[in-house]
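*Asks:*
Numbering (my numbering), first residue to last: -12 to 357.
1. Take the Cβ of residue 50 as the centre, count every other Cβ of all protein chains shown within 10 Å, and call the residue buried at 16 or more, exposed below.
2. Just to confirm my understanding: we take residue 268, look at its own chain, exclude 5 residues before and 5 after, and list those with CB closer than 6 Å. What are they?
3. Buried or exposed: which applies to residue 349, given that a residue is buried once 16 or more other Cβ atoms fall within 10 Å of its Cβ?
4. So, with DSSP's three-state summary, where would you put residue 221?
5. According to the neighbour-count rule (16 or more other Cβ atoms, all chains shown, within 10 Å of its Cβ), is residue 205 buried or exposed?
6. Mapping the DSSP letters down to three states, classify residue 253 as helix, strand or coil.
7. Evaluate residue 29 with the Cβ neighbour count: other Cβ atoms within 10 Å of its Cβ, from every protein chain shown; 16 or more gives buried, anything less gives exposed.
8. Bridge partners of residue 98, per DSSP?
9. Compare the beta carbon distance of residue 208 and residue 176 with 8 Å and say whether it is the shorter of the two.
10. Return the bridge partner residues of residue 351 from the DSSP annotation.
11. Take residue 146 as the anchor and find which of 119, 92, 57 and 86 has the nearest alpha-carbon.
12. In the DSSP output, what is residue 109 paired with across the bridge?
13. Taking only three categories from DSSP, how would you classify residue 389?
14. Using only the alpha-carbon positions, how far apart do residue 354 and residue 239 sit?
15. Rounding to the nearest angstrom, what Cα-Cα distance links residue 114 and residue 107 in this structure?
16. Find out if the Cβ-Cβ distance for the pair residue 283, residue 301 is shorter than 8 Å.
17. In whole angstroms, give me the CA-to-CA distance for residue 173 and residue 198.
18. By how many angstroms is the C-alpha of residue 92 removed from the C-alpha of residue 72?
19. Sorted by chain position, which residues of the same chain lie with C-beta nearer than 6 Å to residue 351's C-beta, five sequence neighbours on each side aside?
20. With DSSP run on the structure shown, which of helix, strand or coil describes residue 144?
21. What's the gap between the Cα of residue 248 and the Cα of residue 272?
22. Closer than 7 Å by C-beta to residue 4: which residues in its own chain qualify, once you throw out the five before and the five after it? Chain order, please.
23. Taking the Cβ atom as the reference point for each residue, do residue 162 and residue 141 lie within a distance shorter than 8 Å?
24. Taking 8 Å as the threshold (C-beta atoms), are residue 37 and residue 329 in contact?
25. Taking the CB atoms as reference points, tell me whether residue 165 and residue 196 lie closer together than 8 Å.
26. Output yes or no for whether 8 Å exceeds the beta carbon distance between residue 79 and residue 58.
27. Using DSSP bridges, identify the partner residues of residue 343.
28. In this structure, does DSSP put residue 155 in helix, strand or coil?
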C-alpha cells in the first residue's frame, strides 16, 4: 500500500490553493445519538442508510495494547442503535457496509487470517459469503457499494492489482485491473447503476498522490490529485465536470501520530483545483450528496479544536463552510464517515469519542434531521 490516510502530517506544498468560505458558525442541527454496547476501544468506520428507520454501521471494538480487537456491527431501527452479535465470526475489523433493504446488506473487513471476508446481512445477523478469491492471501476487499438494481460493487485488490469485484449475491466476477501501477483503493461509490467511482492513492516515486477513477465498462483514470503523501478517502461525482475528492495530506513527515492536513479538491472536467477546508490541521474523511445528487456535507476532524465534531457544509452558492456538531457529548469526537438518508433530507455520521483508538474510546454517531 502506498500510504495510510491521515497517518502523519507535514506542510502542504505547491501552488497556493483557492480559498473556501472560512466562517465557523455553531449549529444545533447535528445531534449525538447513543450507540451503546461496544467494548472500548471501539470505533465505527462506515455507515449505510436504507431509509429513516434502517441503517447499518460497522467498525471494530476491543482494541487494547497489542490486540487489534474484533469486528463491530450496529443496526438502526428508527428509534435506537443495537449491537449485532458477531461471535460466530473471526474478523478484527469491518471496514465498510452497504445496503438497500432490511434483508440484504453487505460488509467487507479485515480478516484474522488470510484474505478479506465478504459478509452478507440476512435480516438478523452477518454471515460469510463465497466469492472468487476467498481465502487467497493477496486478496483485499476494502469498500462496498450496492446499486438500486441490487448489484454489489467492491473495490480492493487481487493478484497485485487494484480492481473491482462485481456480483449479484450469487455470481461474482473480477473486472479488469485498474491501469495504475502501485494503486490502492479505499472507497467505491455509485453515481448510477453503470457509473462507478473509486478513490485512494498511487505511488509517485517519493511518496503518494491522490487517486480517482471511473468505471463505466472501462476505466477512466483522472490525473493524480497532487500533494505530498496525499490520499483520497472519499469521492462524490455529480457529473463529468463536477467531482469532489476529500482526504488527508500526510506531508513531509514527523513523529508518529502527528496529524496531517485536510485535502479538499474539485475536478471541473479539465483539472483539479485545491481548496482550503477552513482549518489547516486534521483530515477530511467522507462526503455525502443531497437528494438532488449534489455534494452537500463533508465529515472531518479539526486537530486545533476537538471540542466538537467538524463538518463542511456546502451552501447555495457552492461555497463550503465549517459547521460544528453536538456539544458536550464526547470528549474529542472523531468522524470517519458521513452519509445521506434516502427518502429524505437527513444525514448520519459515525466515528469514535476521541481520535485515539485506545480505551476508553467508544463508538460514536451523530444525526442531522432537516
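Don't be surprised by glycine CBs; every beta carbon is placed ideally from N, CA and C. Quick caveat: nothing in here was measured; it's all calculated off a predicted structure.
*Replies:* If we stick to the structure as given:
1. In the chain shown, counting from the first residue as 1, residue 50 sits at position 63. Counting Cβ neighbours within 10 Å, residue 50 comes out buried, since at least 16 surround it.
2. To locate residue 268, count along the chain shown from 1; it is residue 281. Correct list, in chain order: 246, 290 and 291.
3. For the purposes of this step, residue 349 is identified with residue 362 of the chain shown, where counting begins at 1. When all chains shown are included, residue 349 counts as buried.
4. Along the chain shown, one-based indexing puts residue 221 at 234. Residue 221: strand per DSSP, three-state reduction.
5. Counting from one through the chain shown, the residue named residue 205 turns up at place 218. It is exposed - the Cβ of residue 205 has fewer than 16 other Cβ atoms within 10 Å.
6. For the purposes of this step, residue 253 is identified with residue 266 of the chain shown, where counting begins at 1. Strand, per DSSP.
7. Counting from one through the chain shown, the residue named residue 29 turns up at place 42. By the 10 Å Cβ count, residue 29 comes out buried.
8. If you number the chain shown from 1, residue 98 lands on position 111. Paired residues: 78.
9. In the chain shown, residue 208 corresponds to position 221, counting from 1. In the chain shown, residue 176 corresponds to position 189, counting from 1. No. Outside cutoff.
10. In the chain shown, residue 351 corresponds to position 364, counting from 1. Note: residue 351 sits in a beta bridge opposite 338.
11. Position 159 of the chain shown, counted from the start, is the residue given in the question as residue 146. Out of 119, 92, 57 and 86, 119 has the C-alpha closest to the C-alpha of residue 146.
12. Along the chain shown, read from residue 1 onward, the residue named residue 109 stands at position 122. In DSSP, residue 109 forms no bridge with anything.
13. The chain is shown from -12 up to 357; residue 389 falls before or after that span and cannot be answered.
14. Residue 354 sits at position 367 when you count from the first residue of the chain shown. Residue 239 sits at position 252 when you count from the first residue of the chain shown. Taking the straight line joining both Cα atoms gives about 36 Å.
15. Position 127 of the chain shown holds residue 114. Position 120 of the chain shown holds residue 107. Answer to the nearest angstrom: the Cα atoms are 5 Å apart.
16. In the chain shown, residue 283 corresponds to position 296, counting from 1. In the chain shown, residue 301 corresponds to position 314, counting from 1. Yes. Within cutoff.
17. Position 186 of the chain shown holds residue 173. Position 211 of the chain shown holds residue 198. About 10 Å.
18. Within the chain shown, residue 72 is the residue found at index 85, counting from 1. Within the chain shown, residue 92 is the residue found at index 105, counting from 1. Looking at the two C-alpha atoms, the distance is approximately 16 Å.
19. As a first step, residue 351 must be located in the chain shown, where it is residue number 364. Once the five neighbours on either side are set aside, the close Cβ partners of residue 351 are 317, 320, 338, 339 and 340.
20. Taking the chain shown and counting its residues from 1, one reaches residue 144 at position 157. Looking at residue 144 - three-state DSSP - the assignment turns out to be strand.
21. Residue numbering aside, residue 248 sits at position 261 when the chain shown is read from its first letter. Residue numbering aside, residue 272 sits at position 285 when the chain shown is read from its first letter. About 12 Å.
22. What you label residue 4 is simply residue 17 of the chain shown in a count that begins at 1. Caution is warranted here: a pLDDT of 41 is assigned to residue 4, below 50, making its placement in the model unreliable, and the coordinate value is therefore given only provisionally. Hits under 7 Å: 261, 262 and 263.
23. Within the chain shown, residue 162 is the residue found at index 175, counting from 1. Within the chain shown, residue 141 is the residue found at index 154, counting from 1. For residue 162 and residue 141, no; Cβs fall outside 8 Å.
24. Here residue 329 corresponds to residue number 342 of the chain shown, with the count starting at 1. Here residue 37 corresponds to residue number 50 of the chain shown, with the count starting at 1. Yes. Within cutoff.
25. Translated into the one-based positions of the chain shown, residue 165 becomes position 178. Translated into the one-based positions of the chain shown, residue 196 becomes position 209. No. Outside cutoff.
26. Within the chain shown, numbered from 1, the residue matching residue 79 stands at position 92. Within the chain shown, numbered from 1, the residue matching residue 58 stands at position 71. Yes, Cβ-Cβ distance for residue 79 and residue 58 is below 8 Å.
27. Numbered from 1 along the chain shown, position 356 holds the residue referred to as residue 343. According to DSSP, residue 343 bridges with nothing at all.
28. The residue given as residue 155 occupies position 168 in the chain shown. DSSP places residue 155 in coil when its eight states are reduced to three.
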